[in-house]
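Chemist: If you read the protein sequences in the order shown, they are chains A and B. Each residue of the first sequence is one higher than the last, beginning at 1 in the working numbering. Each residue of the second sequence is one higher than the last, beginning at 197 in the working numbering.
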Amino acid sequence: MLLDLTDEEALALAAKGDSEAFGVLYDRYIDRIYNYIFYRTGNQHDAEDLTSKVFIRAMKHISNYTDRGVPLSAWLYRIAHNLVANWHRDNSRKQDVALDEGMWINSDAELPESILMRSEKDQGILLLVQSLPEDRQSLLVLKFVEHLSNAEIGQIMDKTEGAIKSLYHRTLLSLREELGNGNKYHILKNGESKIP
Amino acid sequence: MKLKLFWKKSKDSNELGILENQLDILFLPVAPQIEFVQGLRNELVGDSKKHKLTLSPSKMRNGLIWVGGVASVFIMVMAGLRAIITLLGAVGIVQQINKQNQSTAEAPLRIA
């Protein structure tokens, strides 16, 4: 029964061209990869686009994958991490982010209802997280969305467990400072602008 | 001094703990749309099935060599059989001619 296969067994079969074995891996990781990318990009459309690219790339290179102490999940997250980093780089050229005291973050995000139903404050915190440097964003998403340990996050981000722990602590301090300073994060919708 | 530091550390730790709880509640899993998940799966698994039917260049080369070899052997065997049959036929014809000659040679003796 294919569903009973471990990741390694399914991977070995998928590498030989067994499409159903690849389908098993896909079913296992699609939600997790999508979640990671969604919280990194902030909108459904780009999350779907990048998630597709992750699995297409994984399928293309699956025969080259060798377990060098990096489990399959970490490999998939790394692909996702790199694609999101490229996406941010491309989008940073397009997006206008005002870095004044009251941060105005332009967001034409396609947000699912579960996010839209949250308070503006919560949405603001999510956008604040998105404004963090990439490695800190990635760390928070992997910790709070994927519930990975520091060691697992270290494998994905190619850092030691200690470095992750330290980065995490600094990230929390930085977030606390931003929130504590009373910065207001105003979400611009449909091109509206608000002058403080 | 030590007491102040201890108190500050304790306060920091509490505040960070509260922030962690906030983030825990905030980062809820978001389910991808079913149509997207199914569509991508069909695209990937379907593509994999197509890939199963295609051969790598080296496999194709080996396959062609095998097919060519088998075909060559078959043709050679058929040609050989044909040659044998032809030879047997020729032998048969020669035998028939000989028989005819013999019967022709015997015939005048009978008349006489």
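Ideal Cβ placement from N, Cα and C applies to all residues, glycine included.
#1: Verify the CB distance criterion: does G23(A) have a CB-CB separation below 7 angstroms to chain B?
#2: When you compare each of L126(A), G17(A), H81(A) and A15(A) to R32(A) by their alpha carbons, which one comes out closest?
#3: Please tell me whether V54(A) has its Cβ less than 7 angstroms away from any Cβ of chain B.
#4: What did DSSP end up calling D27(A) once you bin it into helix, strand or coil?
#5: Determine the extent of the alpha helix (DSSP H) in which E9(A) is found, giving its start and end residues.
#6: Report the CB separation of G180(A) from I164(A) in whole angstroms; it is logged as a contact under 8 angstroms.
#7: Check whether the stretch 36–56 of chain A and the stretch 130–150 of chain A are in contact - that is, three or more C-beta pairs closer than 8 angstroms.
#8: Decide if V266(B) is buried, meaning its Cβ has at least 16 other Cβ atoms within 10 Å, or exposed.
#9: What in chain A is Cβ-close to L215(B), meaning under 8 angstroms?
#10: Taking the beta carbon of I289(B) as the centre, do at least 16 other beta carbons fall within 10 Å, making it buried, or is it exposed?
#11: Just confirm the distance between the C-beta atoms of F22(A) and V263(B), as a whole number of angstroms; I'd bet it's less than 8 angstroms.
#12: Please compile the residues from chain A whose C-beta is within a distance smaller than 9 angstroms of the C-beta of A279(B).
#13: Can you name the residues of chain A whose CB is closer than 9 angstroms to the CB of R257(B)?
#14: Can you tell me whether DSSP reads D122(A) as helix, strand or coil?
#15: Just to confirm, is the Cβ distance from L83(A) to K53(A) under 7 angstroms?
#16: Pull up the distance between the alpha-carbon of S166(A) and that of M256(B), whole angstroms please.
#17: Assuming contact is defined by CB atoms lying nearer than 7 angstroms, are R40(A) and I156(A) in contact in what I supplied?
#18: Examine chain B for any beta-carbon lying closer than 7 angstroms to the beta-carbon of I37(A), and answer yes or no.
#19: So what's T41(A) in DSSP terms, helix, strand or just coil?
#20: What residue range is occupied by the uninterrupted alpha helix (DSSP H) comprising A74(A)?
Modeler: In short, the structure shows the following:
#1: yes
#2: H81(A)
#3: no
#4: helix
#5: D7 to A15
#6: Wrong, their Cβ atoms sit about 24 angstroms apart, outside the cutoff.
#7: yes
#8: exposed
#9: L172, L175, R176 and L179
#10: exposed
#11: That belief does not hold up - the Cβ atoms of F22(A) and V263(B) are roughly 31 angstroms apart, past 8 angstroms.
#12: Correct list: empty, because the minimum Cβ distance to chain A is about 46 angstroms.
#13: Correct list: empty, because the minimum Cβ distance to chain A is about 18 angstroms.
#14: helix
#15: yes
#16: 54 angstroms
#17: no
#18: no
#19: helix
#20: L72 to S92
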